[in-house]
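In my numbering, the protein residues as written are -10 to 129.
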């Protein structure tokens, strides 16, 4: 598996490196800090090519403590994810849907099915948090 490592350095004066450990025995796919920098989310798939179950883990960025996995573990590869601008939500594209989660409790808020292609490959929130865009590869 891959290990996420938050280095110290001149740009992070006074901050010691934090090793948050492996993203699970898996293949890392993406990683992003919450807007306030307090949390880190990372995707992983359990086989090369992201063809089997995957998940989105959430860690405390200061301590490296794993806070949990969204939905208790997703049963499809994660195509993309994005923090809402206020950090209150995480949107995850997996299994032919985009699912919005409460970032604090990791509980599912809403599941939005995708009817074009297998899943979204990227997500982005508008600055005001009112719109969530999804990039989807359409099949003809």
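Here a beta-carbon is modelled for each residue, glycine too, at the ideal position from N, C-alpha and C.
Pull up the CB-CB distance for residue i and residue j, whole angstroms please, since I reckon it's below 8 angstroms.
{"i": "residue 87", "j": "residue 121", "result": "7 angstroms"}
{"i": "residue 114", "j": "residue 73", "result": "5 angstroms"}
Pull up the distance between the alpha-carbon of residue i and that of residue j, whole angstroms please.
{"i": "residue 110", "j": "residue 20", "result": "14 angstroms"}
{"i": "residue 83", "j": "residue 28", "result": "21 angstroms"}
{"i": "residue 119", "j": "residue 75", "result": "11 angstroms"}
{"i": "residue 54", "j": "residue 30", "result": "12 angstroms"}
{"i": "residue 66", "j": "residue 26", "result": "25 angstroms"}
{"i": "residue 22", "j": "residue 68", "result": "17 angstroms"}
{"i": "residue 97", "j": "residue 50", "result": "22 angstroms"}
{"i": "residue 116", "j": "residue 99", "result": "20 angstroms"}
{"i": "residue 108", "j": "residue 24", "result": "25 angstroms"}
Let me check understanding here. Comparing Cα to Cα, which of the options lies closest to residue i?
{"i": "residue 45", "options": "98, 51, 90, 101", "result": "90"}
{"i": "residue 101", "options": "93, 75, 92, 112", "result": "112"}
{"i": "residue 124", "options": "117, 103, 23", "result": "103"}
{"i": "residue 85", "options": "23, 25, 126, 76", "result": "126"}
{"i": "residue 92", "options": "77, 32, 108", "result": "77"}
Thinking C-beta only, is residue j closer than 9 angstroms to residue i?
{"i": "residue 70", "j": "residue 56", "result": "no"}
{"i": "residue 95", "j": "residue 52", "result": "no"}
Following a CB-centred definition, is residue i positioned closer than 8 angstroms to any heavy atom of the ligand GDP?
{"i": "residue 25", "result": "Annotation note on the ligand GDP: not contained in the displayed structure, which lists no ligands."}
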